[in-house]
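Asker:
Numbering (the working numbering), first residue to last: 220 to 450.
(1) Are there three or more Cβ pairs, one per stretch, closer than 8 Å when the segment 390 to 398 is compared with the segment 408 to 425?
(2) According to DSSP, is residue 290 part of a helix, a strand, or is it coil?
(3) Closest by CA to residue 346, which one among 387, 356, 234, 428?
(4) Along the alpha helix (DSSP H) that carries residue 392, what are the first and last residues, could you check?
(5) Does the separation of the CB atoms of residue 309 and residue 338 fall below 8 Å?
(6) Output the boundary residues of the beta strand (DSSP E) element that contains residue 371.
(7) Nearest-angstrom Cα distance between residue 259 and residue 427?
(8) Name the two residues that bound the continuous beta strand (DSSP E) containing residue 421.
(9) In three-state terms, what does DSSP make of residue 314?
(10) Check this for me: beta carbons of residue 419 and residue 320, under 8 Å apart or not?
(11) Determine, using beta carbons only, whether residue 242 and residue 284 come nearer to each other than 8 Å.
(12) If you follow the beta strand (DSSP E) that residue 411 is part of, which residue opens it and which one closes it?
(13) Report the residue from 421, 417, 446 whose alpha carbon sits nearest the alpha carbon of residue 431.
(14) Among the residues of its own chain, which have a CB less than 8 Å from the CB of residue 270, if the five just before and after it don't count?
(15) Can you tell me where the beta strand (DSSP E) holding residue 249 begins and where it ends?
(16) Could you please give me the residues that DSSP links to residue 356 through a beta bridge?
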């Protein structure tokens, strides 16, 4: 069976139609990545997240995006990645350390207590695109799908947002995310270390991303994001 194209993905609700149009110039790259994932699985590798969730971030309507938070690649722990950067399913315990650090910084920045779960879908419903630079990973091998082709797909997505214009703020967490900075010329950007426990103390903690995002949105004439999460 051939891999589904963008039109089919949009027609079945797996991505927003606006994203299908935006990613059309890199559809061949996307199809090559699907073939690459087929080959990985045929070789006995476990690919994360589940194939149905690889493009989940693009269900957030392009025209509703006010903030893009860009990370590195999905969690390499089976059961963790769900296609939304840094999020996990509500039942997952313990929470990934990167997410714990995000909650710690949110409390320091905004005074919001850490959520007991890792479901960040409420943020996506408020216009936050939770995107990774690479959209898949081998189980247990962080960074294993870097430089295989996802970068052109996510760069096209970011270019579409830059071309669309504001209100928009881009948050680039970590060096790999920051490779996308040139694509976002003209878009207010916040750069810091990645929230991973390996790097959070090197510039993520104390970076105040949430309040700075809201300040930038307000300066652009837009409403700030509600960063709370339901219990």
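Idealized CB from N, CA, C, for every residue including glycine. All values reported here derive from a predicted model rather than from experimental measurement.
Answerer: The structure says:
(1) By the C-beta criterion, the segment 390 to 398 is judged to be in contact with the segment 408 to 425, since at least 3 inter-stretch pairs fall below 8 Å.
(2) Strand, per DSSP.
(3) Put simply, of 387, 356, 234, 428 the residue whose alpha carbon is nearest the alpha carbon of residue 346 is 387.
(4) Residue 392 -> not in any alpha helix (DSSP H); beta strand (DSSP E) instead, spanning 388 to 392.
(5) Here residue 309 is near residue 338, since their CB atoms are less than 8 Å apart.
(6) Per DSSP, residue 371 belongs to no beta strand (DSSP E); it is in the alpha helix (DSSP H), 369 to 383.
(7) Near 39 Å, if we compare the C-alpha coordinates of residue 427 and residue 259.
(8) In the DSSP assignment, residue 421 falls outside any beta strand (DSSP E) and carries neither an H nor an E.
(9) The three-state reading of DSSP puts residue 314 in coil, since its state is none of H, G, I, E or B.
(10) Yes, Cβ-Cβ distance for residue 419 and residue 320 is below 8 Å.
(11) Against a cut-off of 8 Å, the Cβ pair of residue 284 and residue 242 comes out as no contact.
(12) 408 to 411 is the span of the beta strand (DSSP E), which, as asked, contains residue 411.
(13) Looking only at 421, 417, 446, the smallest Cα-Cα distance to residue 431 is reached by 446.
(14) Excluding positions up to five away in sequence, the list reads 256.
(15) Note, residue 249: premise wrong, no beta strand (DSSP E); alpha helix (DSSP H) at 246 to 261.
(16) As computed with DSSP, residue 356 is found in a beta bridge with 267.
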